[in-house]
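The working numbering puts the first residue of the sequence shown at 158, with every later residue one more than the last.
To start, the structure itself, in structure tokens.
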Amino acid sequence: MGAYSKALEFYEKALKIREKALPPNHPDLASSYSCIGSVYNAMGDYSKALEFYEKALKIREKALPLNHPDLAQSYNNIGSVYNDMGDYSKAVEFYEKALKIFEKALPLDHPNFASSYNNIGVVYYNMGDYSKALEFHEKALKIREKALSPNHPDLAYTFKWFGKIYRGMKDYSRALENFENCLSIRQKALPEKHPDNAITYSDIGDVHRLMRDYEKALSFHRKALSIQENVQCNPLECALTYINLGETYREMKDYTTALTYFQKGLEIRQKKLPKNHPDLAVVYHNMAKLYLSTRQYNVAMKNIQQTIEIAQEKLPSTHPHILDYKETFENIRKKM
């Protein structure tokens with residue numbers, strides 16, 4: 158966490174100076190709070206991030222006109238924390254507030270619209286509404302292709318989300334194509350060991366797993382880990398790679414190795430996420446399927462019940478994951 162703590166130290170020093178020199182509702186104080194919030198967000202400390210983003214918003218609401226772009230930035234920041242915490246309806250609410258400001262203050266082809274569309278598309282993806290997610294990401298892509306050079310990292314980000322959406326829709330060849338587009342931009346734009354490259358390797362590995370090419374899947378996940386375990390990154394990104402590796406080994410019927418990786422990923426998510434976060438449900442579900450295969454039906458049932466409890470509380474009833482979870486529940490129940 159070296160770079161993050163250095164950034165935090167720097168921003169906190171700046172804040173101390175500003176607090177002494179400026180009145181309590183000065184917009185520069187809001188900028189300091191916002192910067193500190195974004196470091197906590199990158200570290201995966203969402204409650205701390207929210208605390209600082211809300212401090213920034215309070216000042217901005219008092220000090221700035223209603224349609225000021227900095228207010229929109231605050232709404233986007235808060236929306237992104239709620240999204241990461243798995244509170245999707247709150248996330249949409251804040252993202253739409255930001256979009257409303259942009260609609261009043263900016264020309265329609267301004268790059269900020271692309272970020273807004275992207276943000277809203279991400280929440281719809283998380284809610285399992287893939288066609289709506291696709292619609293918003295296509296709007297973002299249109300703007301970005303006009304405004305940016307072909308190797309701009311923001312384009313890579315859009316391709317990444319197309320990849321995730323097509324993967325959710327089970328269109329694996331299109332998913333792979335988009336993840337590969339994302340990777341080719343990132344490899345040109347970023348240093349080789351950048352954490353974003355690791356995320357893309359793991360995404361590509363996951364599609365190879367779904368296409369039953371396990372050796373390829375493992376090699377991409379290992380590539381991701383070799384970056385993530387040696388470079389400072391958000392621990393939750395590392396957790397996702399562990400879980401993807403676990404799922405690959407589970408499908409290869411290497412249950413001991415699979416369980417080791419699931420437990421590594423689960424430990425990080427339990428530390429970093431609210432206890433009813435949908436990403437925890439995903440791991441409990443993976444573990445339930447593993448215990449079903451090893452005929453430990455009671456433990457499998459305990460895991461699937463935790464999964465369904467979280468999903469019913471946090472996801473729309475139409476989310477595709479809920480159908481998968483219920484199917485697993487039935488498969489376990491029949492064996493008991």
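Yeah, the Cβ is synthetic: ideal placement off N, Cα and C, and Gly gets one too.
As assigned by DSSP and simplified to three states, the class of residue i
i	result
His225	coil
Gly194	helix
Glu372	helix
Met444	helix
Leu430	coil
Asp328	coil
Met493	coil
Gly201	coil
Asn387	coil
His294	helix
Pro180	coil
Lys421	helix
Met458	helix
Thr315	helix
Pro477	helix
Pro264	coil
Asp244	coil
Arg452	coil
Gly285	coil
Leu347	coil
Lys410	coil
Asn308	coil
Leu472	coil
Residue i versus residue j: straight-line alpha-carbon distance, rounded
i	j	result
Ala199	Lys491	43 Å
Asn269	Phe259	7 Å
Ile356	Leu333	14 Å
Ser272	Ala297	7 Å
Asn240	Asn335	23 Å
Leu367	Glu169	45 Å
Lys163	Asp311	26 Å
Ile384	Asn354	8 Å
Phe316	Ser288	16 Å
Leu393	Asn401	12 Å
His442	Glu292	29 Å
Glu408	Tyr371	8 Å
Lys483	Ile461	8 Å
Val388	Glu424	20 Å
Tyr282	Ser246	12 Å
Tyr323	Glu211	34 Å
Thr398	Leu305	30 Å
His351	Glu487	42 Å
Ala396	Asn338	24 Å
Asp481	Ser359	22 Å
Leu165	Ala171	10 Å
Gly243	His183	32 Å
Pro222	Val364	46 Å
Glu404	Leu263	45 Å
Val238	Lys254	15 Å
Per-residue burial, residue i [other beta carbons within 10 Å of its own, 16 or more giving buried]
i	result
Pro435	buried
Met493	exposed
Asp266	exposed
Ala374	buried
Phe209	buried
Ile235	buried
Thr475	exposed
Leu256	buried
Ile174	exposed
Ala313	buried
Arg369	exposed
Lys261	exposed
Leu207	buried
Ala213	buried
Lys177	exposed
Leu382	buried
Asn391	buried
Ala160	exposed
Gln463	buried
Lys321	buried
Phe167	exposed
Asn308	exposed
Leu437	buried
Problem set entry | Meets three-Cβ-pair contact criterion under 8 Å: the stretch 271-278 and the stretch 469-477 | Counting Cβ pairs under 8 Å, fewer than three are found: no touch.
Exercise. Using 8 Å as the Cβ pair cut-off and three pairs as the minimum, do the stretch 410-429 and the stretch 452-464 touch?
Worked result: Not touching, per the Cβ criterion.
Exercise. Are there three or more Cβ pairs, one per stretch, closer than 8 Å when the stretch 180-191 is compared with the stretch 209-218?
Worked result: With the cut-off at 8 Å, the stretch 180-191 and the stretch 209-218 touch.
For this session: Report yes or no: do the stretch 193-210 and the stretch 222-229 share at least 3 C-beta pairs separated by less than 8 Å?
Result: In this structure the stretch 193-210 does not lie against the stretch 222-229, because fewer than three pairs of beta carbons, one per stretch, are closer than 8 Å.
For this session: Report yes or no: do three or more beta-carbon pairs, one from the stretch 409-423 and one from the stretch 444-451, lie closer than 8 Å?
Result: With a cut-off of 8 Å on Cβ pairs, the stretch 409-423 is in contact with the stretch 444-451, counting three or more such pairs.
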